Each structure stands twice: as structure tokens, then as C-alpha cells.
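See structure below.
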Amino acid sequence: MSMTVVDTPGHGHHGHDPNQQHHFASMAQQFDSAKIGMWLFLATEILLFGGLFVGYGIMQGQHAEAFKSAHHHLDKRLGFLNTVVLLVSSWTMVMAVYSASVNKRKATVILLIITLLCAGTFMVVKYFEYSHKIHDGLLPGKYFSYKGPHLERERMFFSFYFMMTGLHGIHVLLGMVAISWLIFRANRGDFSSSWYTPVDLVGLYWHLVDLIWIYLFPLLYLIQ
Amino acid sequence: MSAHEHDHASSHGDHHGPKNPPRVFTAVLIALLILTFITVGASYVNFGSDSVNVVIALTIATIKASLVALFFMHLKYDKPVNALIAVSGFLFLGLFLLFPLIDFESRMDADDPAYQSKPAAIAPTAPAAPQH
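Protein chains in written order, with this note's numbering: chain A, 1 to 224; chain B, 1 to 132.
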């Protein structure tokens, strides 16, 4: 099986791309396999967050008044800001994947850096939201110590709020680690049109993080 | 057929995208931002009942999620197996939601005195007396 990679100078002396592992028949097969693996992981992520969404859905139905009252403590404007920030970061991410696939190294690095900055912005906004709630005692379950008028089950809303946004926030932080690693490797010139699998897979992960936020935002901030 | 796919894929790292990716991706971003504005705007409007508002918000969220999955996550241009995995994830999530919902909706409210099996505990006088 002859495989010549002409567009990567310095490579291609071994009869196949140096990024191709020997148990794969071709680069395309290797890329497809990696993608299937990533999608299987993402399916488990959907179900991981799914448990929280199902719990939220049922408890919101059971205690609609308390959840409605509790959500007024969230700032819609900050939630909206974070939604825009994450959507823009998804765009820069998909553009980075595209740039990597057409050998635009500099563009890839710059777009990944903007993605990282957006992720950082998201976490900073989250930090201000969290510290405001901690200050007011709007905390989960038994830690709820809000002094103002409230309904008993509002503490349950904040249990869901902190667990859902907290798990999502952990995913954003892990995404930032992964994107930083991509920036390092992209800058070193590891990626080309023949091999940019890590950029593509981290991109898929990042879009899932965005996709989950797309549901979290209306459910937590906008319930009327 | 497979030989053709192989040749094509090996030279381009299997990139089956739209004709002008930056343009398509930017259009998708603009659509996502507009939908975000709409969903925030809709949350200030009372459509008659709370559940109508929830349905509208979740419908918009699902449109946005589909745009992200189809274009940003390349599912529209990808091998169908990846879409199959994604969709089955959501189908199982639907099952996950369905069974607890059936359970909760068919359950009596334990706190409601009407369902208390021992009225004697609440009303010590004549347990057989009808309470109206």
C-alpha cells in the first residue's frame, strides 16, 4: 500500500505519514476511528449531564413556584453574556479546525488563543456570579442561608444550579487545558492538512460544552 | 468506490466540508446569536402559561444545538456513524427522562392529607366521622 504525503516537507521518507500508527490501514481510517471514539465519549457526556437535566426537569415540575422564585436571583444579563462568549468561542474553534485542515498554521494558533480567552472570560463571569451567590447564602441544600423572603424549596434550585453549572465549569476548565495544549502543538507546527486529529477532537469536545450551555442557559436563567 | 474514497481521503485528511467553510460557519454563528436574542426576548413575554414559555425556550435551544451539531461538529458532512452515536445518546436520554416522569406523574402526593391512610393521627376525635 503506497501512501505518499507530498505536502509535508521533511516527512514522507518512511513510505507513510509519520503520524500514522501501524495498526491503521490509512490516515483516513485512523482519523475516522479517532472520531468514532470521540463521539462515543461525547455520548457518555450527554448521559452524564443527562442525569442532572432529568433531575432538574422533574423537580422543576414538582416545585415550579420555588424554582421560578429562585431563578430571579440569577442575572439574565450575565447568563446572556456568557452564552454569547461561548458561541463566539465555538466559532473560533471551528475556524481553528478548518485553518489546521488547510495548513494555515498562524491562523490556527491565533484562533485557538481567542478560543482560550473566551473560555477564560466565561470562567471570570462565572466567578463573579458564584461569589455573589455565596455572599448571599444562596447555596445548595443544607448550606442555604439566604436571609430574605424565600420559599422552602429554593435551596433545591440552587443544588441543581451549582451542580449543573459546576460540572459544566469543570468541563470548561478541562477544555482550557486541552486548548492550551493545542496552541503549544499548533505553534510547534505539529498539525497539517494530512494530520490535525487532536484539533478536530478537542473541537468536538468544545462544541459539546457549548451545546450543554445552550440548554443550561434557558433552563436556569430564563424559566418564567 | 472505496478506492476512490481512499485516494481522496489520504490527500486531504478526510475533510468533507462545505464549499466555503468560513462563510458557512460565520452564517451559523450569526444565526446562533440571533436565536439567543430571541430566546432572551421571549423570556420577558408571558405566552399565557409557564409551560408554553418552557416549550418555546427548549425549542429554540434545540434549534441552536442542532446548528452546532450539524455544522460546528461537522455531522452534516461526516460519516453517518457519528450522527448515529450522537442521536442514540439523545434517545437514551429521552428514555432516562421518560421513566422517572411516568413514575412521578402516576404517584400520589404523600404530603396531601387527602391521601393519608391514618386520619386518626391528625384528628383524634371519632375516626369514622366524615370530614367536610
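Even for Gly, the Cβ is constructed at its ideal location relative to N, Cα and C. Just so we're clear, the structure is a prediction, and the values are computed from it rather than from any experiment.
I need the straight-line Cα distance from residue i to residue j, nearest angstrom please.
i	j	result
A/Leu40	B/Gly41	36 Å
A/Arg155	A/Leu216	18 Å
A/Phe31	A/Asp190	16 Å
B/Ile85	A/Leu211	16 Å
B/Phe71	A/His135	41 Å
A/Val70	A/Arg185	Sequence check: residue 70 of chain A is Ala here, not Val. Going by the C-alpha atoms only, they are around 45 Å apart.
A/Ile214	A/Thr83	7 Å
B/Leu58	A/Tyr146	30 Å
A/Arg153	B/Ile34	34 Å
A/Tyr205	A/Gly175	8 Å
A/Leu208	A/Leu78	21 Å
A/Ala235	A/Pro198	A question about residue 235 of chain A goes unanswered here, because the residues of chain A that appear run from 1 up to 224.
B/Leu97	A/Gly55	8 Å
A/Gln60	B/Lys64	23 Å
A/Gln21	A/Pro140	48 Å
A/Ala43	B/Asp103	25 Å
B/Ala9	A/Asp17	With a pLDDT of only 40 at B/Ala9, under the threshold of 50, the placement of this residue in the model should not be trusted; the figure read from the coordinates follows. Looking at the two C-alpha atoms, the distance is approximately 13 Å.
A/Ser2	A/Ile114	Unreliable placement is indicated for A/Ser2, whose pLDDT of 49 sits below 50; no coordinate value is reported for it.
A/Leu87	B/His74	16 Å
A/Leu52	A/Trp91	27 Å
B/Leu30	A/Val97	Checking the sequence shown, residue 30 of chain B turns out to be Ile, not Leu. Roughly 19 Å between the two C-alpha positions.
A/Ala64	B/Val54	12 Å
Residue i touches chain B at which residues, Cβ-Cβ below 7 Å?
i	result
A/Thr83	Thr36
A/Gly50	Leu93, Phe96
Can you name the residues of chain A whose CB is closer than 8 Å to the CB of residue i?
i	result
B/Lys76	Within 8 Å Cβ-Cβ: nothing; B/Lys76 doesn't reach chain A, min ~12 Å.
Any idea what DSSP makes of residue i, helix, strand or coil?
i	result
B/Tyr44	coil
B/Lys79	coil
A/His132	helix
B/Gly17	coil
B/Met73	coil
A/Lys104	coil
A/Asp17	coil
A/Phe122	helix
B/Phe31	Rather than Phe, the amino acid found at residue 31 of chain B in this sequence is Ala. B/Ala31 falls in the helix class under three-state DSSP.
B/Ala61	helix
A/Leu99	It should be noted that the sequence gives Ser, not Leu, for residue 99 of chain A. Helix.
B/Ser66	helix
B/Ser106	coil
A/Ala34	helix
B/Ser51	helix
A/Phe49	helix
B/Asp7	No answer about B/Asp7 holds up, because its pLDDT of 39 lies below 50 and its placement is not dependable.
B/Phe25	helix
A/Phe24	coil
Could you name the residues of chain A that residue i contacts, counting a contact when the two beta carbons are closer than 9 Å?
i	result
B/Ser43	Lys76, Pro218, Tyr221, Leu222, Ile223, Gln224
Below 9 Å on C-beta distance, what does residue i contact in chain B?
i	result
A/Thr122	Here residue 122 of chain A turns out to be Phe, not Thr, going by the sequence shown. Per Cβ cutoff of 9 Å: no residues; A/Phe122 is ~14 Å from chain B at best.
Along chain B, in chain order, which residues have C-beta atoms closer than 8 Å to that of residue i?
i	result
A/His207	Val68, Ala69, Phe72, Met73
A/Tyr215	Leu58, Ala61, Ala65
A/Phe80	Thr36, Val40
A/Leu182	What A/Leu182 touches in chain B: nothing, since even the nearest Cβ is about 16 Å away.
A/Leu87	Leu29, Leu32, Leu33, Thr36
Using 8 Å as the cut-off, classify the Cβ of residue i as near or not near the heavy atoms of the ligand PLP, replying yes or no.
i	result
A/Leu47	As far as ligands go, the structure on display features none, and thus does not contain the ligand PLP.
Any Cβ of chain E within less than 9 Å of the Cβ of residue i?
i	result
A/Thr121	The structure shown contains no chain E; its protein chains are A and B.
Item to check | Residue ranges of each alpha helix (DSSP H) within the segment 138-224 of chain A, 4 or longer | outcome: 154-188, 197-216
What residues from the segment 31-48 of chain A come within 9 Å of chain B, judged by C-beta to C-beta, listed N to C?
Phe31, Asp32, Lys35, Ile36, Met38, Trp39, Leu40, Leu42, Ala43, Thr44, Glu45, Ile46, Leu47
### Query
Relative to chain A, which residues along the segment 78-104 of chain B have a C-beta separation below 8 Å, given in chain order?
Asp78, Lys79, Val81, Asn82, Ile85, Ala86, Ser88, Gly89, Phe90, Phe92, Leu93, Phe96, Leu97, Pro100, Leu101, Phe104
* Chain-ordered residues of the segment 51-72 of chain B with a beta carbon less than 8 Å from chain A -> Asn53, Val54, Ala57, Leu58, Ile60, Ala61, Lys64, Ala65, Val68, Ala69, Phe71, Phe72
Fill in: beta strand (DSSP E) runs wholly inside the segment 51-95 of chain A, at least 3 long, in chain order
none
Closer than 7 Å, Cβ to Cβ, to anything on chain B: give me those residues from the segment 90-120 of chain A, in chain order. Ser90, Trp91, Val94, Met95, Tyr98, Ser101
Please list the residues of the segment 54-69 of chain A that have a C-beta atom closer than 9 Å to any C-beta atom in chain B, keeping them in chain order. Val54, Gly55, Gly57, Ile58, Gln60, Gly61, Gln62, Ala64, Lys68
- Item | Short-range partners of chain B found in the segment 187-211 of chain A, where Cβ spacing is below 7 Å | Ser193, Ser194, Trp195, Tyr196, Leu204, His207, Asp210, Leu211
- [ ] Please list the residues of the segment 129-163 of chain A that have a C-beta atom closer than 8 Å to any C-beta atom in chain B, keeping them in chain order.
- [x] none
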